[in-house]
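Chemist: In my numbering, the protein residues as written are 137 to 551. All residues carry an ideal CB built from backbone N, CA and C; glycine is no exception.
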Ligand SMILES: Cc1cc2nc3c(=O)[nH]c(=O)nc-3n(C[C@H](O)[C@H](O)[C@H](O)COP(=O)(O)OP(=O)(O)OC[C@H]3O[C@@H](n4cnc5c(N)ncnc54)[C@H](O)[C@@H]3O)c2cc1C
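#1: Measure the alpha-carbon distance for residue 551 versus residue 228 and round it to whole angstroms.
#2: Where DSSP assigns a beta bridge to residue 327, which residues make up the other side?
#3: Using DSSP with H/G/I as helix, E/B as strand and the rest coil, what is residue 475?
#4: Verify the contact flag: residue 432, CB atom, against every heavy atom of ligand 1, threshold strictly below 7 Å.
#5: Pick from 324, 336 and 356: whose alpha carbon is nearest that of residue 343?
#6: Output needed for residue 449: all residues of its chain with C-beta closer than 6 Å, excluding positions within five of it in sequence on either side, in chain order.
#7: Among 215, 348 and 162, which residue has its Cα nearest to the Cα of residue 207?
#8: Could you check whether the segment 209-216 touches the segment 348-366, counting it as contact only if at least three pairs of C-beta atoms, one from each stretch, sit closer than 8 Å?
#9: For residue 553, which option in 256, 238, 434 and 524 has the closest C-alpha, if you only look at C-alpha atoms?
#10: Between the segment 469-484 and the segment 515-527, can you find at least three pairs of beta-carbon atoms closer than 8 Å?
#11: CB of residue 353 to nearest heavy atom of ligand 1: below 7 Å?
#12: Taking residue 231 as the reference, which of 241, 543 and 192 has the closest Cα?
#13: In this structure, how does DSSP classify residue 451 when only helix, strand and coil are distinguished?
#14: For residue 494, report the span of its alpha helix (DSSP H) as first-last.
#15: Can you tell me whether residue 273 is helix, strand or coil according to DSSP?
#16: How many angstroms separate the CA atom of residue 436 from the CA atom of residue 271?
#17: Quick check: is any heavy atom of ligand 1 less than 7 Å from the C-beta of residue 150?
#18: Specify, as a first and last residue, the run of the alpha helix (DSSP H) that residue 378 falls within.
#19: Flag this pair as touching only if the segment 239-253 and the segment 384-392 have three or more C-beta atom pairs under 8 Å; answer yes or no.
#20: Below 7 Å CB to CB, which residues in the same chain sit around residue 447 once its five sequence neighbours on both sides are set aside?
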């Protein structure tokens, strides 16, 4: 049996479902093929930056986020220890939610708009070309899918990205980010916490989701994935959060409500994520260091960029090539600023500490030296001048030579 679509999407995560909703709103015939029968907590992002909330608003997804229980977090406590408002110029504030609930709500919204959602299915026999497509199978039955464009939205283990024959880059870090969903959170429910320890010795974050639930993360220097196993791993996680400055009122009574897992805080991306009828969006196109919480915002930006390009062109393959060029640019902005922040704030040692002192002195005099990654995101300036202002090099000179601990490297070509 053969079925035909305008766009066939593999993966019903936030990137795939948001794109499906946007395309269905334009009247396109869309399929989403998802392998999971039900979504489980895989320890993923649950904090949406203000610029990502603006992306969701522009995609007209705000009601879906509301249905998924999105919780506004207009304030954030960081290095000053005082709550500070986070927002875009248009007033969008950060949102926190349970990732699984948002995935379910988005996929339901796609189905309600006429998207064919096939779940659970196995996808294979993937092909590009003028008439790209793949096969889906369930319970011994198979069906051939033909489309004008195939989009891989299958996250880090994307099948489509492997066929693209594009350069595959990594900016590797030695940091591990561990996260867990918790209940029993105390303290104000409208305030997130993002506390980097003095001398770059780790980080603790907490994002309440209402009713005492929330997502907590730590970067514990020198830790391995094994350090977070079992009850002892969870206790270590909670103790480290409190030592790092999260108030005991917030953390003292928390319990784990899901798996505690750790992931390397690296960036990994494809250059120009489209080729020959096959495109990738979201984490499949490029994972950004989860420390900075930009992945979901990027996934929504991808959905909006791809949907806009498809609306503006008769030829889906031309549209996808345009999406890929734009994606290269905005992903580079996000990654560059994340890398500046990581270099400055997570490099240990006395030389790095002096460099931080210079930078922070400049920020205290003139707050515009710090790029507003959360509020402005991909539209920021990443020129050499902006970099020098961030590091304070225009004032103090580049007197403290910093070797990047680990730089960007080409892993090879996919496919
Ligand atoms: C520890 C951690 C913390 C993070 N914190 C934040 C944060 O606070 N804020 C933020 O914005 N981002 C954060 N991120 C990043 C964010 O979670 C991701 O960028 C986002 O989930 C990417 O969504 P996606 O839809 O591209 O991929 P995924 O969420 O991975 O979804 C992929 C979907 O495809 C399906 N799939 C996979 N393979 C196949 C296949 N072969 N066939 C069919 N279906 C398939 C999967 O079942 C899944 O439903 C964090 C990530 C990590 C690891």
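Modeler: This is what the structure holds:
#1: 40 Å
#2: 211
#3: helix
#4: yes
#5: 324
#6: 455
#7: 348
#8: no
#9: Any property of residue 553 remains undetermined from this structure, which presents the chain solely from 137 to 551.
#10: yes
#11: yes
#12: 192
#13: coil
#14: 486-501
#15: strand
#16: 27 Å
#17: yes
#18: 366-379
#19: no
#20: 162
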